[in-house]
Amino acid sequence: MVTTVTVRLFGVFRALPGAESGAVSVSVPDGASVVDLKHAIAAALPGSNDWLHESVIATESGTLADEAALDGNQAFAVLPPVCGG
């Protein structure tokens, strides 16, 4: 089975073509990991792949390790790296 999840986008991701709404919906197989989700986001948002390697996926309860299994009932967000000055 395949699950469609909506991922909220922040920072540099919102400037990418196709991300104007601040979110992207992608399909991942049941039992998918965070890495699978990142691959699906990269396919949906050209130009995002380099940033995804430096970003984390988060839920309402915290950030997820790349090997973590996804729960399709959760809300997801991509948190890009942040630099200050």
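If you use the numbering used here, the sequence shown corresponds to residues 53 to 137, in order. Each residue gets a CB set at the ideal place from its N, CA and C atoms; glycine is no exception. These numbers come from a predicted model, not from an experiment.
Residue environment, ALA95, which counts as buried when at least 16 other CB atoms sit within 10 Å: By one-based count along the sequence shown, residue 95 stands at place 43. Result: exposed.
GLY62 to HIS91, Cα distance in whole Å? As a first step, residue 62 is located in the sequence shown; it is residue number 10 there, counting from the start. As a first step, residue 91 is located in the sequence shown; it is residue number 39 there, counting from the start. Checking the displayed sequence, the identity of residue 62 turns out to be Phe instead of Gly. C-alpha separation (whole angstroms): 17 Å.
Look at the Cβ atom of ASP88, then the Cβ atom of VAL54, and state whether they are nearer than 9 Å. Here residue 88 refers to the residue found at position 36 when the sequence shown is read from its first residue. Here residue 54 refers to the residue found at position 2 when the sequence shown is read from its first residue. No.
Beta carbon of LEU97, beta carbon of GLY74: below 9 Å? Translated into positions along the sequence shown, residue 97 becomes position 45. Translated into positions along the sequence shown, residue 74 becomes position 22. Cβ distance not < 9 Å, so LEU97 and GLY74 don't count as in contact.
Selection from ALA84, ALA67, LEU68 that minimises the alpha carbon distance to ASN125: Translated into the one-based positions of the sequence shown, residue 125 becomes position 73. If we check each option's Cα against that of ASN125, ALA84 comes out closest.
Pick helix, strand or coil for GLY114, following the three-state DSSP scheme. Taking the sequence shown and counting its residues from 1, the one referred to as residue 114 is at position 62. Of the three classes helix, strand and coil, the one that applies to GLY114 here is strand, per DSSP.
Quick one, which of PRO133, LEU122, TRP103 has its alpha-carbon nearest VAL78's? Position 26 of the sequence shown, counted from the start, is the residue given in the question as residue 78. The candidate whose alpha carbon is nearest that of VAL78 is LEU122.
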